[in-house]
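Residue numbers (the numbering used here): 60 to 468.
Below, the structure is given as structure tokens:
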């Protein structure tokens with residue numbers, strides 16, 4: 060199978076990869092292919108089981124919170140519903156989509172896809188369905204939500220009695236099964252059901268795709284010379300159009316949101332009628348003073364350090380596009396890969412606030428309400444994810460005089 064590395068653009072002839080092995084780019088080390096193993100039945104079983112667990116987690120008690128003889132019990136959908144009651148519509152919609160609607164949609168679609176639906180459907184519908192399905196994955200944050208639940212429990216465990224309901228354990232099972240299903244997902248085999256990989260002749264395997272005027276489809280990774288991919292009918296480009304400009308625009312927006320996200324309160328805590336605001340930094344300090352050092356460090360790194368570091372790294376990479384490739388370019392590529400991978404983990408604090416707002420509702424005795432800072436924080440993280448997605452790492456390997464190729468079809 061011929062492929063152009065999505066990080067450095069070198070053309071690689073990938074052999075048949077055996078089970079439990081992966082193929083990596085010999086130039087930059089990026090993983091370009093998993094083992095060519097048929098896991099259809101396993102993906103169907105795991106997806107169906109994960110779907111049952113997710114459905115089960117929605118109808119039973121999720122977490123119970125007891126203080127001074129008063130008990131508050133919530134279900135999983137309450138995490139978003141109560142946010143809507145406080146006019147935090149953006150945050151409520153994000154919670155509903157990222158932890159319930161999107162993972163449920165992905166699992167529902169994966170089952171027929173691995174039962175041969177792509178071969179039975181008309182090709183146009185099959186193409187759109189597969190592209191839509193694979194595009195859902197980066198925006199699903201179920202595992203991050205689960206970590207956020209555990210962090211929120213550490214925050215309030217000293218103030219009240221906490222008990223996990225049936226739905227919580229069902230959700231844990233769902234996350235484990237969902238991750239297992241994605242681990243066995245074989246994207247090249249799914250695309251092969253749409254159409255076989257077309258092998259281009261007379262390609263110099265010691266050169267990059269751009270040097271051969273070859274384009275790599277961003278959706279199915281088919282190499283072609285046309286402006287439209289023969290297999291998935293997506294538009295193809297030598298480089299993502301206006302990649303640096305788009306990444307910079309998203310990055311500037313995230314930096315603008317970073318300041319109010321850290322300055323404004325992300326939540327208000329009411330205790331015995333006395334309301335006190337809490338910012339990100341204040342929450343970290345409170346956890347540290349209570350002796351929860353590991354949790355304080357996790358929140359500080361994920362919510363304060365990572366967004367700032369990601370903004371600096373992406374700014375640096377956008378600047379390095381104008382410089383010739385050198386011995387450090389492979390390091391820049393790996394930094395980009397790490398930045399893209401850890402981007403959504405900054406959402407931990409957003410989920411912590413959502414759980415606390417949903418759970419701690421005991422009137423004037425004790426209650427938590429969302430602050431404006433959490434909305435800015437959510438937008439900031441989403442903008443940084445969009446900036447990383449818009450940036451084309453292949454530009455780091457290009458000669459600056461050829462970087463205008465990103466605007467060419």
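Here a beta-carbon is modelled for each residue, glycine too, at the ideal position from N, C-alpha and C.
Following the DSSP letters along the chain, one finds residue 278 in no alpha helix (DSSP H), marked with neither H nor E.
Proximity of the region 284–302 to the region 431–439 falls short of the contact definition, fewer than three beta-carbon pairs being nearer than 8 angstroms. Within the same chain, Cβ atoms closer than 6 angstroms to the Cβ of residue 87 are found at 66, 67, 389 and 392, the five residues on either side in sequence being excluded. DSSP lists 70 as the beta-bridge partner residues of residue 63. Straight-line spacing of the CA atoms in residue 272 and residue 181 works out to 32 angstroms.
Put simply, of 195, 130 and 243 the residue whose alpha carbon is nearest the alpha carbon of residue 99 is 243.
According to the DSSP assignment, residue 403 belongs to no alpha helix (DSSP H), since it is labelled neither H nor E. Looking at the DSSP output, residue 440 sits in no beta bridge, so it has no partner there. For residue 191, the enclosing alpha helix (DSSP H) covers residues 182–195.
Less than 8 angstroms separates the beta-carbon of residue 278 from that of residue 190. Your pair residue 346 and residue 340 does not check out as a contact, with CB atoms roughly 11 angstroms apart and the cut at 8 angstroms. The DSSP-derived three-state label of residue 214 is helix. In the three-state DSSP reduction, residue 262 falls in the coil class, being neither helix nor strand. When rounded, the separation of the alpha-carbon atoms in residue 343 and residue 158 is 25 angstroms. Membership of residue 378 in the alpha helix (DSSP H) is indicated by the continuous run 365–379. DSSP, read as helix, strand or coil, puts residue 450 in coil.
Per DSSP, reduced to three states, the secondary structure at residue 226 is helical. Comparing alpha carbon positions, the residue from 453, 169 and 386 closest to residue 240 is 169.
For residue 211, the CB contacts under 7 angstroms within the same chain, skipping 5 residues up- and downstream, are 411, 414 and 415 in chain order. Taking C-beta atoms as the reference points, residue 274 and residue 284 count as a pair closer than 8 angstroms.
Between residue 403 and residue 163, the gap from beta carbon to beta carbon reaches 8 angstroms or more. One alpha carbon belongs to residue 290, the other to residue 187, and they sit about 12 angstroms apart. Straight across, the Cα-Cα distance linking residue 71 with residue 78 is about 20 angstroms. With a contact defined as Cβ atoms closer than 8 angstroms, residue 229 and residue 379 miss out at about 46 angstroms.
When secondary structure is reduced to three states using DSSP, residue 274 falls in the strand class. CA-CA distance, residue 206 to residue 236, rounds to 16 angstroms. The three-state secondary structure of residue 99, taken from DSSP, is helix. The residues 121 and 417, in chain order, have a CB closer than 8 angstroms to that of residue 137 in the same chain once the five nearest residues on each side in sequence are set aside. By the criterion of a C-beta distance shorter than 6 angstroms, residue 115 is surrounded in its chain by 229, once the five residues flanking it on both sides are discounted.
The residues 81 and 83, in chain order, have a CB closer than 6 angstroms to that of residue 90 in the same chain once the five nearest residues on each side in sequence are set aside. Per DSSP, the unbroken alpha helix (DSSP H) holding residue 416 starts and ends at 407–418. By the neighbour-count criterion, in which a residue is buried when 16 or more other Cβ atoms sit within 10 angstroms of its Cβ, residue 110 is buried.
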